[in-house]
Structure formats: structure tokens, C-alpha cells
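Enquirer: Residues -26 to -1, 1 to 433 in mature numbering (1 follows the signal peptide of the UniProt record, and there is no 0) are what the sequence shown lists, from first letter to last.
In this text, a Cβ means the ideal position worked out from N, Cα and C, and glycines have one as well.
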Amino acid sequence: MATPVVELRILFFFFFLNVLSRVSEGSQTPSPSSPPVVSRIAFGSCSNQSSPQPIWDAIVDFDPQVFIWLGDNIYGDKRRPWRVFGKERTLGPWKNAPRFYPSDEHHMEDNYAAAKANPGYSRLRNKAKVIGTWDDHDYGLNDAGKEFNGKNTSQRLLLDFLDEPEDSPRRKQAGVYTSYIFGSNQKQIKVILLDTRYHRDPLSSDGTILGETQWEWLQNELYGPESQITIIASSIQVISNLSATTGPLFYMESWGRFPKERDRLYKLIADSKRDGVLFISGDVHFGEITRNDCANKYALYDITSSGLTQAVEKAVPPLLAFLVRFAVRLTPTTMRVYSPKCRYSTCTYGRQNFGAIEIDWDAVPQRVKIEVRDVHGDPAIGVNLLLSELQQRNVNKIYRREEAYRQHCTLEIDLPWVHRYCLALLFGGAIAATVVALGILIKTITSFSKRFIRKYKVD
Ligand SMILES: *[C@@H]1O[C@H](CO)[C@@H](O)[C@H](O)[C@H]1NC(C)=O
Ligand SMILES: *[C@@H]1O[C@H](CO)[C@@H](O)[C@H](O)[C@H]1NC(C)=O
Ligand SMILES: *[C@@H]1O[C@H](CO)[C@@H](O)[C@H](O)[C@H]1NC(C)=O
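1. On the DSSP bridge assignment, give the partners of Gly261 in chain order.
2. Between Ser313 and chain D, is there a C-beta pair that is closer than 8 Å?
3. Opposite Ala16 in the DSSP bridges: which residues?
4. Just mark Phe422 as buried or exposed, buried being the case when its beta carbon has 16 or more other beta carbons within 10 Å.
5. Whose CB is closer than 7 Å to a heavy atom of ligand 3? List the residues in chain order.
6. Throw me the rounded Cβ distance for the Asp109 and Asp257 pair, which I believe falls under 8 Å.
7. Within a Cβ cutoff of 6 Å, which residues of the same chain sit near Gln340, ignoring the five residues on either side of it in sequence?
8. Just the C-alpha distance for Leu132 and Asp112, rounded to the nearest angstrom, thanks.
9. Between the C-alpha atoms of Val349 and Ile48, what's the straight-line distance to the nearest angstrom?
10. Helix, strand or coil: how does DSSP classify Asn368 here?
11. Tyr275 by DSSP, collapsed to three states: which one?
12. Could you have a look at Leu412 and say whether DSSP puts it in helix, strand or coil?
13. How would you label Val212, buried or exposed, when you count the other beta carbons within 10 angstroms and need 16 or more for buried?
14. Which residue wins for smallest C-alpha separation from His393, given the options Ala330, Thr308, Phe426?
15. Tell me the residue span of the beta strand (DSSP E) that contains Pro353.
16. Quick one: does the C-beta of Ala118 sit closer than 7 Å to a heavy atom of ligand 2?
17. In the DSSP assignment, find the beta strand (DSSP E) that holds Leu167 and state where it starts and stops.
18. How long is the line joining the alpha carbons of Pro233 and Val12, rounded to whole angstroms?
19. Inspect the CB distances between the stretch 114 to 134 and the stretch 67 to 83 and report whether three or more fall short of 8 Å.
20. Report the rounded CA-to-CA distance for Phe156 versus Val346, giving the unit in angstroms.
21. For ligand 1, any of its heavy atoms closer than 7 Å to the Cβ of Arg53?
22. Assuming Thr219 and Thr305 are in contact, meaning their beta carbons sit under 8 Å apart, how far apart are those beta carbons, in whole angstroms?
23. Using only the heavy atoms of ligand 1, determine whether one of them is closer than 7 Å to the beta carbon of Tyr272.
24. Are there three or more Cβ pairs, one per stretch, closer than 8 Å when the stretch 325 to 343 is compared with the stretch 28 to 38?
25. With DSSP as the reference, please indicate the residues paired to residue 434 in a beta bridge.
26. Do Leu136 and Val104 have their C-beta atoms closer together than 8 Å?
27. What is the DSSP secondary structure of Tyr225, counted as helix, strand or coil?
28. From Leu184 to Ser209, what does the alpha carbon distance come to, in whole angstroms?
29. Please determine, among Asp169, Leu252, Thr187, Asn266, the residue with the shortest C-alpha to C-alpha distance to Ile163.
30. Keeping to the same chain, check which residues put their C-beta closer than 6 Å to that of Thr3; ignore five residues upstream and five downstream.
31. Looking at Ala207 and Thr107, is the spacing between their C-beta atoms short of 8 Å?
32. Starting from Leu385, trace the beta strand (DSSP E) both ways and give me its first and last residue.
33. Buried or exposed for Thr170, going by 16 or more other Cβ atoms inside 10 Å?
34. Counting only runs of 4+ residues fully inside the stretch 90 to 163, write out the alpha helix (DSSP H) ranges in chain order.
35. Go ahead and label Ser217 buried or exposed: buried means 16 or more other beta carbons lie within 10 angstroms of its beta carbon, across all protein chains shown.
36. Skipping 5 residues on each side, what residues in its chain have a beta carbon closer than 7 Å to that of Val58?
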């Protein structure tokens, strides 16, 4: 049995241990002035201000610290109906009117006011920092680029919507590109928001998307101080080039349509030797995750979430949604990330969705989970990454052993043509079959009626 003196010493010993551990804990927790660590980010695109927007509840439930708008934050332009005949024809080779036309400033202002007044979105604004860029419909006109006259007005309206301070330099520059740093102390996330509209050359020019000033700025951003994760937000898809397999029926906007510009982007990222870079994108009205294994030392991912209200499967009656999924099957893709966990075997998601990024900074090793979630907040597609998979020094260790490495390297345009033009061939084939069937039907009817008339005359 210990004497009281010994017991007292033991007590003091534990007391000191306790104090010591508190002090060392204190040195690990950031001081109150350092920015809070961000581990949950949501993103989304394509939101019709006049449609019901139930998805905000799921986004608020996800409890993000940051929400990123990826464009088509409102539908500011106006559209004419599909019309094959009549004075304003918007469809067919005899089309004489564009389907979309710009609206005026007040109309856009009203649309932004409607978007901002949505109760679900208001709740999100109250709890998360909201940032964003634009795409064509909030820029002011479908598929528009640098030629669009209303761009300065649209810039002011977007920045008002995003509560950009009056004296912000972002209000004085040409275009809405900008960047943010979140977190501190080896837990930093840089978010780079690109402007793919203000300086963009016409589609099929293979010209510029960003314009020289924005390129210089982006170079500085990528060569600047390191961050553990760098999210590059582009309104249009960077890695997927679906147009290569949906053409010649229809084409989508994407970096793939500007091959020189996209190569420049890949090269800039590779040359910068920056770790932790990934893309997020919107625009296409469905969710998809793609990956390019050969553009950079480590794999580049592009997580597409689109849209918050606009979705390809919503464009058709519910009973025909399977046709949309069937069409997706007929558009092969070389870059899409397939996983048994996808809700549908196509690994795309054609209903309303949002993107959810979760970073487990405290896990060893650190992890990133990115999902495209449905209107209830349930994941439809997703990818789980170790942060080290996005670091150059680990690439040899992680990938080279794996068969899967360099799986996503072939461009869509290099697919064999029978494969590449599946959709067009089937569509063309269906039209040809219909024409032939109609021809046979008409021929049969005429020959029958001739025989009938002959018989009638003879009788
Ligand atoms: C937005 O929603 C309204 C109301 O449902 C609809 O009239 C309008 O056509 C929609 N706009 C777009 C671009 O889908
Ligand atoms: C639009 O804004 C840019 C940059 O602030 C300026 O250089 C340009 O002259 C403006 N264009 C018009 C038409 O006002
Ligand atoms: C993407 O597809 C379009 C349409 O087929 C094609 O013109 C373009 O060159 C493709 N881009 C790349 C980078 O393969």
C-alpha cells in the first residue's frame, strides 16, 4: 500500500500529464482566426426558376459548407416552340428562326429574383457559402459566346444574384472567372471557377474558350501556392465528348468541341505539376463521371451534375424514360467511369440531381467521395478516391500495377465507326425501314385497289 505522499505525487503526475495533453491538443486545433476546414461541398446546374425545385431540401440535408453554381442558374433567354410549318419555323432544313432569343434586362432580373426567392434555396443560402459561374442561358442566350452583346449586363446581374460585393474586382473584369481558397493547414481546397462564355469563339471554330487574359490568370492560379485539392469548375463538360457519338444527329457544347483549347488545358495542368486537380461540370441535363488517364501524371476526373430541375428523362413522358436510357446505351463512351454501384448500368443519371463532395481529412489515408445524388439525396453514381490517387508522386505506386490504369485514354472519335455511330445508324435505319414499309404499304394498297377497280369494272 502506498503512503499518502506517494499517492499525492502520483496525483500530481497525472495532473501534469493532463495539462500537457491539453496544451498539445490546443496547439493542434487551429486558432479561432484561421479559416474553418471545409469537408462538404455541393454543386449543381440548370435550374429553371419557374419550375418546382424540390431538390433544395436534399441539398440542405446534405449540409454543405459551400455550394457551387455551375451555370444555367436561371433560364434568362426566351424560346420559340418547335415548329416545322408556319411563319417562324424552328425545325428542319427550311428553318428560318432560331429557337432561342435573348430577353431584356428586366426579364432577367425578374428571373433572378424568382430564383433567389425560392424557399429551399434561401435556406441553403443561410447555411452555406454560395459561389458560382454561368453557362449560356444565364449568360443570356443559348450556346452564345463572345459575340453576345448583353454580356456586361448579364455579368452585373449574375454578380448581384451571387451577392458579390459592390467593390469587388470581379465586377470590373471582362468575365466572371474567379477563385476561392477554403480551409487551412494542409487541409486546403482551391475552387477555380472558369468563364466559358465571355471570351468564347464560335462553336466549330476550334478557337478559344477562355481568351488570353483568362488563360494567363488560370496559369497563375495553377502555379500558385499548393492546395490539397483544386476543383476546376467549368460550366461545360471537359473530358466527355459525347458529340462524337451523338453526331450527326445532334451536338452538345463541351471542351471536346475545341480540341486545341482542351489540349492546352490538359498541358497546363500537367506542366504545373499541381496535385489534387479535378473538374466539375454541368450543362447536359444528366449526371456522368468521366476520367482521362493519359492527359496528366495522375488521372483527371470530371464529375458532371445537371440539372437541378432540367433533366433528359423529364423531357419525355415517364413511360418513355426507358427510351432515353436505351439511346444512352447507343452512344458509346471511352471516358465514362463504370461501377457496379451505379443505379443504372449506363452509369449516367437522367433525372434531377446535384453533386456532393465529401472529404475525410482525418482518415488515414485521406479520402474524397464524390457523388451525383437524386432529389431525395440518395447517390445515383459516385466515385471514391484516395487523395493520394491525385498526387503525382504516388502514381507509380498506385496505378501502374493495376490493369485498370490507362483504361480511359482512347478518344471517342477513335472508336470504330460502326460503334461510334450506333445511334445515328439505328435512327437512320429506323427511318429507312419506315420509308420502305410505307412504300410497300402504298404499293400494296394501290395494286389492291387497281385489282378491285378492274374486278368492279369487269363485273
Ligand atoms: C421553365 O418552367 C416553366 C414553367 O413550368 C415553363 O413554362 C418553361 O418552358 C420552362 N423553361 C425551360 C427553359 O424549360
Ligand atoms: C464590357 O466590360 C468590359 C470590361 O469591364 C469593357 O472593357 C467593355 O468595354 C464593356 N463593353 C461594353 C459594350 O460596355
Ligand atoms: C469531339 O467530337 C467532335 C464531334 O465529332 C469532333 O469534331 C471533335 O474533334 C472531338 N474532339 C476531340 C478532342 O476528340
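Expert: Result, derived from the coordinates:
1. Tyr323
2. No chain D appears in this structure, which consists of one protein chain only.
3. Phe41, Ala330
4. exposed
5. Asn215, Ser217, Ala218, Gly221, Tyr225, Gly230, Arg231, Pro233, Arg236, Leu385, Glu386, Ile387
6. 6 Å
7. Leu361
8. 8 Å
9. 19 Å
10. helix
11. strand
12. helix
13. buried
14. Thr308
15. 353 to 360
16. no
17. 163 to 167
18. 34 Å
19. yes
20. 22 Å
21. yes
22. 4 Å
23. no
24. yes
25. Because the chain is modelled from -26 through 433, residue 434 falls outside the range shown and cannot be assessed.
26. yes
27. coil
28. 12 Å
29. Leu252
30. Residue confidence for Thr3 is low, a pLDDT of 48 falling below 50, so the modelled location carries little weight and cannot support an answer.
31. yes
32. Run containing Leu385: none; DSSP gives neither H nor E here.
33. buried
34. 93 to 101, 110 to 113, 125 to 135
35. buried
36. Leu65, Gly66
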